[in-house]
Every structure is written in structure tokens, then in C-alpha cells.
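Enquirer: Residue numbers (the numbering used here): 7 to 518.
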């Protein structure tokens, strides 16, 4: 898949077709192509080091996409940062990347590292015609297209590098999910996830290479049911991409149904467990829609498996009392289940899910130590591939992969991958906390919320509500909202197990 070529061809054949539409602004394919070309020329002239990623800071504005494509055309990788991420966390990312350029499309962000370019300057650049595109050297196949920073066990985020080849191979597959690439041409895609979350790649780039229109939903809209449902109806959304939790939230309103949102015909889910209860409700509300469950970590470019949830599969799964499968691997991908010694397990036995294939990341940005632990190289069917040890538990049966949660302390909450230790390491940065242990609260095998147990003399004698309020307010400086535990419980001493470690199993029982 030649991503830039596909977008360029749509700009030539359907120049006035809307490419990206936000609440306040839209860009046609012609504008997207021209503006990204002009900004790419400016980037090539104003940054000397191709190896230095570009920070793109903002939310759901179409100019975010202009910046993404401009970076690729200028041969630079980009790092998306959403305005909802705490400034201190953005600062950590900027410090690790040391960008020559930071584009601030929305919101306010300042750094002493490199050059900061605001929205007004970006608009000024893209409105100036140029014929100097010959200075551009787009990304090569093995160069990094984007870097998504995810939760890290040390309390600092780690950057997953996705190459142009990885993204291209992923799109070869994603454009065929649920319908053909031709059928997706001109289709209306919904964007729910922020661009700093890799689920957004599923809707953003699939839409662009198919010649579709991407409708972005900002945070404010997502918190206002009436506005959101009106948006879904008026924009005639045909292809839905989200976490299952977001669909559950929408299903709480009876107006979220096929009678109101008539164009919606395809649901694509990724990021967390899709339950049979959610599927049952969707099939009742949208009887004509196709529902597809997918699976994959950020390290393997969004998703690597898919399965269409038919009525037959749904009823069989309910009858067995099991969870839904996450599907068959895509072409170019091999799924293996390993035991703790790295031995491949036979069908039906549970172990660690290992992904080998053409969409596996080249590693973590500037973290050779972490890359060596999680990634490896191998030869399969005479071809060289990268492999990734996911840390996810699962098993294969009948050619289908079944996901059974995290092996370690990493969890999925509302589609976001979170390392428990990341939260704990940031909690003890608060002066009143001496020790913190965070445990997930499960419902039907799915993480519904987090509870933190904390110790510290300063909190003794205080009301539980006061402790909770102070801790949550303090954490806002260090963590995104989705990583802040729902419940904060003060305990005098931290219970220990026989190994001298915090007894997480015991605390898990207290959290229920």
C-alpha cells in the first residue's frame, strides 16, 4: 500500500471531497494534499536531522493530519501528543525525543527544546504556494512513520516505533475489513480515539487511503450524549471504530440505534475485551450492521487478528459460557503461544501470545534495553520477520485466537493499555504517600476500574473522601485522567506475601 500515492490520487480524482471534518473545520482532499506538500517543504528546509522526530500537539483539528502527512513527505517521523495528556507527561516525551520542531495545532504548549510552531504560523505556511517539492525525500520503507508513547513500568512513557512498511502492510489488511476497499471509497468513518492512541490509526489511515471522509469527535462532544448522537446521525457515519467501552456508553441511550443512525453498517472494535453482552445489544439496535472484533498491541501496528461476530458465533459462545474469540491472524502474520521457557505450546493450551510478522514494530525509541527484552528476529517460511512477546495470555483453537488478559501487571482500561507500576511510581511522587499498590477491578473478565491502596502517616485520621480528593487532584499533574484510580483506599500498613512483596491478591479481594 503506497499511502501517500493513494491520498494524492484521491486529491486528483475527487479534489473537493471532504477528507477530514471536525466540529469547527474541514479540509478537502485537494487542500490536504496541497497543504501537506507546502508544510513538508518548510519542514525539510527548517530541520536538518531526518532522524529527529517531530512533535505534533493538539486534539482533533484537521491540521493535525496535515502535519502527520507533511512529516512523512519530508522524511520525518512524528509523535502525536493530545492536549488531554498532562503537561508534565508531554514534557517527559519531549525530553526523550529532543525534537527540532514541535507543531502546536490546538491548545497551548511551550518548550525550550527546538522550535515551536503555532496554528497561525502553520496556516500561514500552508497558504503560500511553492514548487519546491523536489527538495522532499519521503520516508523510506524501513524508516519510522510515527511513534506512539505508551505507559512504561518505570513511570516514564516508552515510544513504540512504527515504520512505513508496518503501516503499509497493516493497511493492506484493514481496508478489507467488513467490506472491500472500493466499497469504503467515499464512506464516512468515525474517529473516537485521540491521535496519540494507536486505535486512531485504524480509522484515520484506513479512511484516507480508501478516499473516505473522517469525522472526528472531540472530548467535549463525547461527554455530551445528545450532541454526540446528533453528530452520528447528521454526519451519516457508516464505519464505526472504537473501544467496546465507548459503545457500551452509547448503548446506555436508547436513541443509539439503527432507526436514528441509519447509515451505520460496520462496527470495528479494538483495544479491549468485546463482551457477548455488548454484541447482543448492538445486534438488537443495529440488526443490519456487521460487527468485527480485532486484537493487537501497539507494538504490532494496531491489530493483527479479526473475526466477524455472526449470530451463530455469538450464540455458540454464550452457550459455552466463554469469551468471544479475537479471530484469525491477518496475512503476513503468525501467532504462536509460548510457555515461560519460550517453547511453542500445542493448540488449546494457554500461554503467552507471541506475534511474528510484517507489522511488528522495530522497537522502542532510544530504548535498546526494552527492545531487546520484548522483540526478536526469526525466519519463517524462508522469510525474515520481527517478533514481539506481548505479555498477553491466550490460546489457539480451531484457527482462532482467544485472549485471556495480561500475564503481568499491565491492564487494558477503556482501550488504553496501562502499566500498573507506572501509576504506582507516580503516586509515590505525592508527598503524603509512602507506598501505593493499584489493583484492577474485574467484571466478566474485563477491567472496569482501578483501586489504589495507599499508606502514609500524613493521611492518618483524615476522612476517606478528603484523602481521595487530594490524591486524585495531585495525580492530575502526572497522569492522564484514564490512569487515575477510581477508588483511593488508605490503609495503615501494606500487607505482604511470603516473598516480602505487597500482597496484590489479598488487596484484590479487599477491592471487590
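Cβ coordinates follow ideal geometry from the N, Cα and C atoms, glycine included.
Predicted model, so just to flag it, every value in this text is computed and none were measured.
When the Cα of residue 112 is compared with those of 34, 210, 484 and 129, which residue comes out closest?
Expert: In the chain shown, the residue the question calls residue 112 occupies position 106. Minimum Cα distance to residue 112 is reached at 129.
Enquirer: Taking the continuous alpha helix (DSSP H) assigned at residue 172, which residues delimit it?
Expert: Start at 1 with the first residue of the chain shown, and residue 172 comes out as number 166. Looking at the DSSP string, the run of the alpha helix (DSSP H) that includes residue 172 is 170–180.
Enquirer: Could you check whether residue 441 and residue 372 sit closer than 7 Å to each other, using their CB atoms as the reference points?
Expert: Residue 372 sits at position 366 when you count from the first residue of the chain shown. Residue 441 sits at position 435 when you count from the first residue of the chain shown. Result no, Cβ atoms of residue 372 and residue 441 do not sit closer than 7 Å.
Enquirer: Is it a yes or a no for the region 385–402 touching the region 357–373, going by three-plus beta-carbon pairs under 8 Å?
Expert: yes
Enquirer: Between which residues of its own chain and residue 408 is the CB-CB distance below 6 Å, once the five residues before and five after are set aside?
Expert: The residue given as residue 408 occupies position 402 in the chain shown. Same-chain partners within the cutoff: 331, 400 and 401.
Enquirer: Taking the beta carbon of residue 454 as the centre, do at least 16 other beta carbons fall within 10 Å, making it buried, or is it exposed?
Expert: Against the chain shown, residue 454 aligns to sequence position 448. Label assigned to residue 454: exposed.
Enquirer: Tell me whether the beta-carbon of residue 152 lies closer than 7 Å to the beta-carbon of residue 110.
Expert: Here residue 152 refers to the residue found at position 146 when the chain shown is read from its first residue. Here residue 110 refers to the residue found at position 104 when the chain shown is read from its first residue. Taking 7 Å as the Cβ cut-off, residue 152 and residue 110 do not qualify as a contacting pair.
Enquirer: Would residue 75 and residue 28 be called neighbours here (beta carbons separated by less than 7 Å)?
Expert: What you label residue 75 is simply residue 69 of the chain shown in a count that begins at 1. What you label residue 28 is simply residue 22 of the chain shown in a count that begins at 1. Against a cut-off of 7 Å, the Cβ pair of residue 28 and residue 75 comes out as no contact.
Enquirer: Going by the beta-carbon positions, is the gap between residue 420 and residue 249 smaller than 7 Å?
Expert: Position 414 of the chain shown, counted from the start, is the residue given in the question as residue 420. Position 243 of the chain shown, counted from the start, is the residue given in the question as residue 249. Yes, the pair counts as a contact, with Cβ atoms nearer than the cut-off.
Enquirer: Using a threshold of 7 Å, state whether the C-beta atoms of residue 166 and residue 305 are closer than that.
Expert: Here residue 166 refers to the residue found at position 160 when the chain shown is read from its first residue. Here residue 305 refers to the residue found at position 299 when the chain shown is read from its first residue. Taking C-beta atoms as the reference points, residue 166 and residue 305 count as a pair closer than 7 Å.
Enquirer: Just how far apart, CA to CA, sit residue 505 and residue 493?
Expert: Your numbering for residue 505 matches position 499 in the chain shown. Your numbering for residue 493 matches position 487 in the chain shown. With a pLDDT of 48 at residue 505, under the threshold of 50, the modelled position of this residue cannot be trusted; read the value that follows with caution. C-alpha separation (whole angstroms): 27 Å.
Enquirer: Please name the residue, chosen from 45, 106, 65 and 46, that lies closest to residue 55 on a Cα-to-Cα basis.
Expert: Within the chain shown, the letter at position 49 stands for residue 55. Looking at the Cα atoms, 106 is the closest of the given residues.
Enquirer: Leaving out five residues before and five after residue 175 in sequence, what residues of the same chain have Cβ atoms less than 7 Å from its Cβ?
Expert: By one-based count along the chain shown, residue 175 stands at place 169. Around residue 175: 338, 364 and 365.
Enquirer: At what residues does the beta strand (DSSP E) containing residue 255 begin and finish?
Expert: In the chain shown, residue 255 corresponds to position 249, counting from 1. Here residue 255 belongs to no beta strand (DSSP E); instead the alpha helix (DSSP H) covers 250–257.
Enquirer: Can you tell me the Cβ-Cβ gap for residue 238 and residue 185, rounded? I've got them flagged as a contact below 8 Å.
Expert: Along the chain shown, read from residue 1 onward, the residue named residue 238 stands at position 232. Along the chain shown, read from residue 1 onward, the residue named residue 185 stands at position 179. Not really, about 19 Å apart at Cβ, beyond 8 Å.
Enquirer: Taking 8 Å as the limit between beta carbons, can you name the residues of its chain near residue 434, skipping five residues before and five after?
Expert: Here residue 434 corresponds to residue number 428 of the chain shown, with the count starting at 1. Answer for residue 434: 440, 441 and 442, listed in chain order.
Enquirer: Please state whether the Cβ-Cβ distance between residue 297 and residue 279 is less than 7 Å.
Expert: Translated into the one-based positions of the chain shown, residue 297 becomes position 291. Translated into the one-based positions of the chain shown, residue 279 becomes position 273. No, these two residues do not count as a Cβ contact at 7 Å.
Enquirer: Which one or two residues does DSSP pair with residue 407 in a beta bridge?
Expert: Position 401 of the chain shown holds residue 407. Its beta-bridge partners are 333 and 402.
Enquirer: Between which residues of its own chain and residue 515 is the CB-CB distance below 6 Å, once the five residues before and five after are set aside?
Expert: Stepping through the chain shown from its first residue, residue 515 is reached at position 509. The answer is none, since no qualifying residue turns up.
Enquirer: Anyone know if the C-beta pair for residue 231 and residue 177 falls short of 7 Å?
Expert: On the chain shown, residue 231 is found 225 positions in, with the first residue counted as 1. On the chain shown, residue 177 is found 171 positions in, with the first residue counted as 1. Cβ atoms of residue 231 and residue 177: not closer than 7 Å.
Enquirer: How many angstroms separate the CA atom of residue 438 from the CA atom of residue 460?
Expert: Counted from its first residue, the chain shown places residue 438 at position 432. Counted from its first residue, the chain shown places residue 460 at position 454. One C-alpha to the other measures close to 9 Å.
Enquirer: If you run the structure through DSSP and keep just helix, strand and coil, what is residue 485?
Expert: For this step, residue 485 is matched to residue 479 along the chain shown. The answer is coil: DSSP assigns residue 485 none of H, G, I, E or B.
Enquirer: Distance, Cα to Cα, residue 333 vs residue 314?
Expert: Looking up residue 333 in the chain shown gives position 327. Looking up residue 314 in the chain shown gives position 308. Their backbone Cα atoms lie some 8 Å apart in a straight line.
Enquirer: How long is the line joining the alpha carbons of residue 251 and residue 398, rounded to whole angstroms?
Expert: Locating residue 251 in the chain shown gives position 245, counting from the first residue. Locating residue 398 in the chain shown gives position 392, counting from the first residue. Roughly 20 Å separates the two Cα atoms.
Enquirer: Would you kindly report the start and end of the unbroken beta strand (DSSP E) that includes residue 197?
Expert: The sequence position of residue 197 within the chain shown is 191, counting from 1. Annotation for residue 197: the continuous beta strand (DSSP E) segment containing it runs 194–197.
Enquirer: Just to confirm my understanding: we take residue 344, look at its own chain, exclude 5 residues before and 5 after, and list those with CB closer than 7 Å. What are they?
Expert: In the chain shown, counting from the first residue as 1, residue 344 sits at position 338. Within the same chain, residue 344 has close Cβ partners 350, 351, 357, 358 and 360.
Enquirer: Pull up the DSSP beta-bridge partners for residue 313, would you.
Expert: The residue you call residue 313 lines up with position 307 of the chain shown. The partner list for residue 313 (beta bridge, DSSP) reads 299.
Enquirer: Could you round the C-beta distance between residue 85 and residue 59 to whole angstroms and report it? I think they count as a contact, below 8 Å.
Expert: On the chain shown, residue 85 is found 79 positions in, with the first residue counted as 1. On the chain shown, residue 59 is found 53 positions in, with the first residue counted as 1. That belief holds up - the Cβ atoms of residue 85 and residue 59 are roughly 5 Å apart, short of 8 Å.
Enquirer: In whole angstroms, what separates the C-alpha of residue 478 from that of residue 218?
Expert: Here residue 478 refers to the residue found at position 472 when the chain shown is read from its first residue. Here residue 218 refers to the residue found at position 212 when the chain shown is read from its first residue. Residue 478 and residue 218: Cα-Cα distance of roughly 41 Å.
Enquirer: What's the gap between the Cα of residue 488 and the Cα of residue 428?
Expert: The residue you call residue 488 lines up with position 482 of the chain shown. The residue you call residue 428 lines up with position 422 of the chain shown. Each residue's alpha carbon lies about 13 Å from the other.
Enquirer: How many Å lie between residue 424 and residue 253 at the Cα?
Expert: Residue mapping note: residue 424 aligns to position 418 of the chain shown, counting from 1. Residue mapping note: residue 253 aligns to position 247 of the chain shown, counting from 1. Cα-Cα distance, rounded: 20 Å.
Enquirer: Looking at the structure shown, is residue 520 part of a helix, part of a strand, or coil, going by DSSP?
Expert: Residue numbering for the chain in the displayed model covers 7 to 518; residue 520 lies beyond these limits and cannot be assessed.
Enquirer: Determine the closest residue to residue 125 out of 326, 410, 72 and 156, with distance taken between C-alpha atoms.
Expert: Counted from its first residue, the chain shown places residue 125 at position 119. For residue 125, the nearest C-alpha among the options comes from 72.
Enquirer: What is the DSSP secondary structure of residue 14, counted as helix, strand or coil?
Expert: Position 8 of the chain shown, counting from 1, holds the residue named residue 14. In this structure, residue 14 counts as helix in the three-state DSSP scheme.
Enquirer: Compare the C-alpha of residue 483 against each of 265, 69, 97 and 57 and name the closest.
Expert: Here residue 483 corresponds to residue number 477 of the chain shown, with the count starting at 1. That would be 97, whose Cα lies nearest to the Cα of residue 483.
Enquirer: In angstroms with no decimal places, state the Cα-to-Cα distance between residue 134 and residue 282.
Expert: Against the chain shown, residue 134 aligns to sequence position 128. Against the chain shown, residue 282 aligns to sequence position 276. The straight-line gap from Cα to Cα measures roughly 53 Å.
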